[in-house]
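The opening position of the sequence shown corresponds to residue 13 in our numbering, with each subsequent residue numbered one higher.
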Amino acid sequence: MFQRLNRRARLLSGAAFGAAAFMAVGSAHAQTAPAQTAQSNDQPTEVGEIVVTGIRRSIEASISAKANNTSIVEVISSEDIGKLPDVSIAESLARLPGVTMQRLDGRSQAISIRGLGPDFTTALLNGREMVTTGDNRGVEFDQFPAELLSSVVVYKTPDSALIGQGLGGTVDLRTVRPLAYGRQALALNYRHEWNELGALNSGTSDSGDRYTVSYVDQFLDGTLGVALGYAHMNSPYQSERFNAWGYPNYSDGNLLTGGVKPYVMSSELERDGYMGVLEWRPNDRIHSTFDAFYSKFKNTQVLRGIEFPLAWGGLAESPNRSDTVLGGCQITNNVATPNVCRPGPSLRPGYTVENGLIVAGTWDNIKGVVRNDLNKRDSTITALGWNTEFTLSDDWSANLDLSYSKVERNDIILETNAGTGRNINGALDTLGFQLTGDGVTQFTSRLNYADPTLIKITSPQGWGGDVIPEGQAGYLNTPSVEDELKAARFSVTRQLHQSPFKSIDFGFNYSERQKTFVNDQYYLGVPGGGDLAVPSQFLLDPTDLGYLGISQVLSYDALGVLNSGALNRIRNPNADVISGNWEVTEKVSTAYVRANIDHNLFGLPLTGNVGMQFVYTDQHSTGFSARQAGLGVSQTIAVEGGKDYLEILPSSNFILQVADDTFVRFAAARTLARARMDDMRASRNYSFDNGKNVAGAQADVNSPWSASGGNPTLMPYIADVADISLEKYFANRKGYVSLAAFYKNLETYVYNHDQVFDFTGYPTGGLTPVINQGKSSAPDNGEGGWIRGIEFSVSAPFEILHPALEGFGAQFSASMTESKVQPDPNQAPTALPGLSEDVINGSLYYERFGLQARVSARYRSDYLGEVAGFGNGRNLRSVAAETVVDAQVGYEFQGGPLEGLSVLAQVNNLTDEPFKTFQNGDERQTIDYQHYGRTFAVGLNYKF
Numbered sequence: 013m014f015q016r017l018n019r020r021a022r023l024l025s026g027a028a029f030g031a032a033a034f035m036a037v038g039s040a041h042a043q044t045a046p047a048q049t050a051q052s053n054d055q056p057t058e059v060g061e062i063v064v065t066g067i068r069r070s071i072e073a074s075i076s077a078k079a080n081n082t083s084i085v086e087v088i089s090s091e092d093i094g095k096l097p098d099v100s101i102a103e104s105l106a107r108l109p110g111v112t113m114q115r116l117d118g119r120s121q122a123i124s125i126r127g128l129g130p131d132f133t134t135a136l137l138n139g140r141e142m143v144t145t146g147d148n149r150g151v152e153f154d155q156f157p158a159e160l161l162s163s164v165v166v167y168k169t170p171d172s173a174l175i176g177q178g179l180g181g182t183v184d185l186r187t188v189r190p191l192a193y194g195r196q197a198l199a200l201n202y203r204h205e206w207n208e209l210g211a212l213n214s215g216t217s218d219s220g221d222r223y224t225v226s227y228v229d230q231f232l233d234g235t236l237g238v239a240l241g242y243a244h245m246n247s248p249y250q251s252e253r254f255n256a257w258g259y260p261n262y263s264d265g266n267l268l269t270g271g272v273k274p275y276v277m278s279s280e281l282e283r284d285g286y287m288g289v290l291e292w293r294p295n296d297r298i299h300s301t302f303d304a305f306y307s308k309f310k311n312t313q314v315l316r317g318i319e320f321p322l323a324w325g326g327l328a329e330s331p332n333r334s335d336t337v338l339g340g341c342q343i344t345n346n347v348a349t350p351n352v353c354r355p356g357p358s359l360r361p362g363y364t365v366e367n368g369l370i371v372a373g374t375w376d377n378i379k380g381v382v383r384n385d386l387n388k389r390d391s392t393i394t395a396l397g398w399n400t401e402f403t404l405s406d407d408w409s410a411n412l413d414l415s416y417s418k419v420e421r422n423d424i425i426l427e428t429n430a431g432t433g434r435n436i437n438g439a440l441d442t443l444g445f446q447l448t449g450d451g452v453t454q455f456t457s458r459l460n461y462a463d464p465t466l467i468k469i470t471s472p473q474g475w476g477g478d479v480i481p482e483g484q485a486g487y488l489n490t491p492s493v494e495d496e497l498k499a500a501r502f503s504v505t506r507q508l509h510q511s512p513f514k515s516i517d518f519g520f521n522y523s524e525r526q527k528t529f530v531n532d533q534y535y536l537g538v539p540g541g542g543d544l545a546v547p548s549q550f551l552l553d554p555t556d557l558g559y560l561g562i563s564q565v566l567s568y569d570a571l572g573v574l575n576s577g578a579l580n581r582i583r584n585p586n587a588d589v590i591s592g593n594w595e596v597t598e599k600v601s602t603a604y605v606r607a608n609i610d611h612n613l614f615g616l617p618l619t620g621n622v623g624m625q626f627v628y629t630d631q632h633s634t635g636f637s638a639r640q641a642g643l644g645v646s647q648t649i650a651v652e653g654g655k656d657y658l659e660i661l662p663s664s665n666f667i668l669q670v671a672d673d674t675f676v677r678f679a680a681a682r683t684l685a686r687a688r689m690d691d692m693r694a695s696r697n698y699s700f701d702n703g704k705n706v707a708g709a710q711a712d713v714n715s716p717w718s719a720s721g722g723n724p725t726l727m728p729y730i731a732d733v734a735d736i737s738l739e740k741y742f743a744n745r746k747g748y749v750s751l752a753a754f755y756k757n758l759e760t761y762v763y764n765h766d767q768v769f770d771f772t773g774y775p776t777g778g779l780t781p782v783i784n785q786g787k788s789s790a791p792d793n794g795e796g797g798w799i800r801g802i803e804f805s806v807s808a809p810f811e812i813l814h815p816a817l818e819g820f821g822a823q824f825s826a827s828m829t830e831s832k833v834q835p836d837p838n839q840a841p842t843a844l845p846g847l848s849e850d851v852i853n854g855s856l857y858y859e860r861f862g863l864q865a866r867v868s869a870r871y872r873s874d875y876l877g878e879v880a881g882f883g884n885g886r887n888l889r890s891v892a893a894e895t896v897v898d899a900q901v902g903y904e905f906q907g908g909p910l911e912g913l914s915v916l917a918q919v920n921n922l923t924d925e926p927f928k929t930f931q932n933g934d935e936r937q938t939i940d941y942q943h944y945g946r947t948f949a950v951g952l953n954y955k956f
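As structure tokens, this is what we get:
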């Protein structure tokens with residue numbers, strides 16, 4: 013059961029407590045020196061104790077919280093009640109040193125901390141681990157209204173009392189504590205926003221609204237506090253998107269485009285968030301807080317465009333011909349012939365080549381696929397927490413915390429196809445093409461793709477012909493996710509009265525988490541086959557693809573057509589869909605001890621903590637293994653698996669004050685991150701090849717068995733980390749400068765490779781296997797590597813340079829990170845998703861006499877990003893470097909009848925920075941190019 017207690021953990025444990033013992037030596041030399049008492053950061057109330065009313069106060073509160081925390085942290089504080097500095101939490105996080113953000117469909121959503129992506133970062137709400145709306149553990153931060161948060165703390169180093177800590181970092185989202193806030197407040201916020209691209213799709217909007225109501229008050233002589241908040245968002249996003257299938261080699265050896273799938277996308281985010289806090293402190297011995305959070309989130313994306321199979325297009329022949337010797341297209345010499353042949357795309361001679369890439373020319377025999385697609389996500393998050401502190405005596409206190417959170421998510425991913433005719437029938441096009449400097453291909457065409465008498469719902473390419481004869485008219489994917497987490501925590505604190513420790517904490521946390529993924533997919537077909545003219549009630553104004561060179565394409569309400577019954581739904585019976593269902597359960601018991609330091613070391617104040625976590629995990633997964641027994645026929649078996657293990661995680665944080673407001677911090681810890689949940693699934697897609705079912709078959713050479721899938725026995729990622737930083741605070745802690753370095757030694761890293769697996773009991777269709785073992789491609793714990801980096805940050809009010817500059821200030825940070833992770837020693841090192849080697853952030857601001865202004869820029873170099881692929885699956889692609897600039901200006905009335913009112917104007921993506929992915933290290937080989945435009949917002953805030 014307890015399968016891992018390795019030498020490194022024991023050494024780190026000894027080092028942590030050995031350092032504590034060494035501190036006692038220093039006390040003999042410095043018994044009379046004044047001790048520094050660090051502010052406790054165990055409870056979310058601490059950050060909220062500072063009144064924040066603007067950009068400068070927000071910065072000061074963040075600096076104060078950073079300085080007082082015993083861990084190495086970065087902090088964001090609200091400018092005022094119901095008012096964080098940015099439109100979204102992710103955008104605020106992306107301005108912090110060592111933190112980066114990836115834009116997804118034009119919105120800030122996924123973050124990386126110190127080069128480690130969302131899979132290695134955990135999110136807490138008021139110190140409690142949260143469920144996630146995605147398929148795995150990565151948090152989608154736009155689920156949480158920024159207006160309902162008072163602060164966000166990013167832990168770069170853990171301590172033993174931090175439950176749910178991440179290997180990359182831990183993000184703690186905190187709501188206001190009404191008793192600590194200490195006054196009555198009622199705040200109203202309204203914001204109207206729009207995108208400069210306009211509504212790119214018919215039936216969509218280019219503008220939206222956000223409004224918030226926040227209320228904080230205290231009753232019963234300040235012993236009962238209440239905080240309530242409601243935030244509504246209706247936010248539009250637009251994008252012009254180009255996607256290339258890839259770049260194969262042409263017959264002359266040059267690269268050319270295999271196919272393209274460009275769209276215009278119009279997205280609308282609707283979210284209603286509710287927050288409530290009830291805080292009760294009747295006396296000095298009892299302090300109880302109840303938190304409730306609920307978010308209802310809806311994201312609707314309308315995508316319309318056209319797909320052109322080019323070099324990878326291929327020919328098609330009539331499935332009804334009996335002559336299969338020569339083939340229909342060979343008989344007709346690749347001439348388009350109804351019911352006989354659709355010749356493949358042909359590149360005319362005379363094309364243009366630049367540095368080995370064909371960049372301009374003409375294609376013949378092109379059969380375009382007009383796409384009218386819809387992506388829709390509905391999700392809810394419920395989070396409840398109850399915390400009670402008991403002061404038992406002058407030296408003893410206890411804490412009980414109970415929490416529950418749940419996510420329910422339902423998706424609709426709808427694709428519909430239209431064209432000039434079914435499979436081999438219909439008109440073909442001639443396309444002129446030219447690649448732009450951004451790698452986007454622009455076309456000229458002969459056909460009118462907006463003509464409803466020419467373009468009909470059908471299967472222009474015959475895709476999906478194994479289920480629907482001559483192909484599908486579309487595809488419907490309706491996955492659903494349910495994620496539930498229950499936790500209970502009890503801790504006891506003992507105050508000590510002798511250096512080097514001021515107190516010691518003991519605690520135990522138990523949590524149960526269960527995540528279920530249900531995979532429902534359907535082929536869509538025209539009843540009776542043939543082509544379907546779009547019913548007039550669903551026709552919309554054509555969609556402009558001018559950025560692509562295609563003037564217009566046919567547009568219609570795809571979901572309306574489907575719901576009307578005009579298309580048949582045929583459940584996808586294939587094995588890979590069945591094996592896509594899974595459930596993962598984790599039961600985690602964590603015991604910890606933490607000794608809190610308040611000491612003098614050779615005359616210098618020393619604070620921090622040393623401690624240890626004992627984490628016992630029992631993980632289990634159920635699912636299905638399935639094989640394709642024939643066209644549309646699969647065999648299935650229910651499967652399960654799991655593992656339990658114990659990890660011991662020592663940690664230490666030391667803060668030495670070497671001069672006034674100058675600190676050296678050192679931290680060392682052993683950390684873990686559990687594997688992705690889809691990697692831990694028990695489900696597999698397997699096959700049995702009777703041709704290899706012969707005597708002498710060997711499991712790892714020529715077995716009839718093979719499979720691919722998950723691995724429910726995966727162990728977590730493990731890393732030993734060390735951090736050191738030098739921090740200097742100045743101007744009464746209105747500014748600071750910091751230089752930090754870190755090193756993470758990854759003991760293991762999960763990667764996919766072939767493993768011998770026992771297939772005993774798996775169906776074979778009645779055949780008797782000569783061997784029950786074979787190879788399965790699945791995730792496994794490989795060898796590790798390292799990540800290291802340095803971070804520099806400075807925040808300074810310019811008044812320290814000259815009094816005339818009061819109100820002006822700047823923030824700047826830069827980080828350099830590198831890694832070498834090689835899970836398979838026989839393969840080259842792997843790139844880490846989310847790691848940009850160079851990251852730079854900067855902000856200039858002014859705030860005085862009610863006027864506020866800020867401009868911010870963030871740069872990140874190339875990195876490996878996660879994007880949605882076929883069937884909404886996960887693809888890793890190289891993302892080009894980008895610089896994103898935002899700006900805002902506002903004014904708050906200082907007196908008179910308008911006192912308490914402020915106005916605001918913002919622009920996001922000021923320089924219109926695109927999002928781009930590419931392949932093979934060549935930015936000319938563009939895979940995705942997304943142009944989002946600028947988003948503007950104007951708003952009012954009023955505080956009573």
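All C-beta atoms, glycine included, are put in the ideal place defined by N, C-alpha and C.
Asked: At 3 residues or longer, what runs of the beta strand (DSSP E) sit wholly inside the stretch 490 to 559?; Found: 492 to 510, 513 to 530, 533 to 537, 551 to 557
Asked: Roughly how many angstroms lie between the CA atoms of residue 849 and residue 209, to the nearest whole one?; Found: 32 Å
Asked: Does the distance from the CB of residue 181 to the CB of residue 126 come in under 8 Å?; Found: yes
Asked: Please return the same chain residues whose Cβ sits closer than 6 Å to the Cβ of residue 477, not counting the five positions on each side in sequence.; Found: 483
Asked: Is the stretch 258 to 269 touching the stretch 947 to 955, taking contact as three or more C-beta pairs under 8 Å?; Found: no
Asked: Do the stretch 715 to 729 and the stretch 680 to 693 touch if we need at least three Cβ pairs shorter than 8 Å?; Found: yes
Asked: Looking only at C-alpha atoms, which of 204, 230, 205 sits nearest to residue 196?; Found: 230
Asked: May I ask which residues mark the beginning and end of the beta strand (DSSP E) holding residue 639?; Found: 616 to 642
Asked: From residue 369 to residue 938, what distance separates their C-alpha atoms?; Found: 12 Å
Asked: Give a yes or no on whether the C-beta atoms belonging to residue 461 and residue 382 are separated by under 8 Å.; Found: yes
Asked: Please report the residue range of the beta strand (DSSP E) in which residue 808 lies.; Found: 797 to 809
Asked: Going by beta carbon distance, what residues of the same chain come within less than 7 Å of residue 179, once the five residues before and after it are set aside?; Found: 128, 132, 683, 684, 685, 729, 731
Asked: Could you tell me which whole beta strand (DSSP E) segments of length 3 or greater appear in the stretch 188 to 255?; Found: 197 to 207, 219 to 231, 236 to 255
Asked: Pairing CB atoms from the stretch 312 to 324 with CB atoms from the stretch 283 to 291, are three or more of them under 8 Å?; Found: no
Asked: Which residues mark the beginning and the end of the alpha helix (DSSP H) in which residue 575 is found?; Found: 570 to 575
Asked: Taking DSSP as the reference, what is the three-state secondary structure of residue 909?; Found: helix
Asked: What residues are listed by DSSP as bridge partners for residue 717?; Found: 700
Asked: Does the separation of the CB atoms of residue 552 and residue 569 fall below 8 Å?; Found: yes
Asked: Look at the Cβ atom of residue 940, then the Cβ atom of residue 255, and state whether they are nearer than 8 Å.; Found: yes
Asked: Check whether the stretch 868 to 880 touches the stretch 894 to 903, taking contact to mean three or more Cβ pairs, one atom from each stretch, closer than 8 Å.; Found: yes
Asked: Starting from the Cα of residue 140, find the closest Cα among 147, 173, 111, 590 and give me that residue.; Found: 173
Asked: For residue 12, tell me which candidate among 191, 214, 283, 601 has the shortest Cα-Cα distance.; Found: Because the chain spans 13 through 956 in this model, residue 12 falls outside it and cannot be assessed.
Asked: Given a threshold of 16 other Cβ atoms within 10 Å of its Cβ, counted over all protein chains shown, does residue 298 qualify as buried or as exposed?; Found: exposed
Asked: Pull the bridge partners of residue 131 from the DSSP assignment, please.; Found: Per DSSP, none; premise fails for residue 131.
Asked: Using a 10 Å radius around the Cβ and a threshold of 16 neighbouring Cβ atoms, would you call residue 652 buried or exposed?; Found: exposed
Asked: I'd like to know whether the C-beta atoms of residue 627 and residue 453 end up nearer to each other than 8 Å.; Found: no
Asked: Out of 705, 809, 903, 681, which has the shortest C-alpha to C-alpha gap to residue 177?; Found: 681
Asked: What does DSSP give as the partner residue(s) for residue 323 in the beta ladder?; Found: Note: residue 323 sits in no beta bridge, so no partner.
Asked: Taking the beta carbon of residue 226 as the centre, do at least 16 other beta carbons fall within 10 Å, making it buried, or is it exposed?; Found: buried
Asked: Can you tell me which of 900, 88, 924, 587 puts its alpha carbon nearest to the alpha carbon of residue 646?; Found: 587
Asked: Using the Cβ count rule (16 or more neighbours within 10 Å means buried), how would you classify residue 183?; Found: buried
Asked: Provide the residue span of the beta strand (DSSP E) that contains residue 782, from first to last.; Found: From DSSP, residue 782 is part of no beta strand (DSSP E); its letter is neither H nor E.
Asked: Please report the Cβ distance between residue 561 and residue 456, rounded to the nearest whole angstrom; I am assuming they are in contact, meaning their Cβ atoms lie under 8 Å.; Found: 6 Å
Asked: Using C-beta distances below 6 Å, list every residue in its chain close to residue 498, excluding the 5 sequence neighbours before and after it, in chain order.; Found: 416, 524
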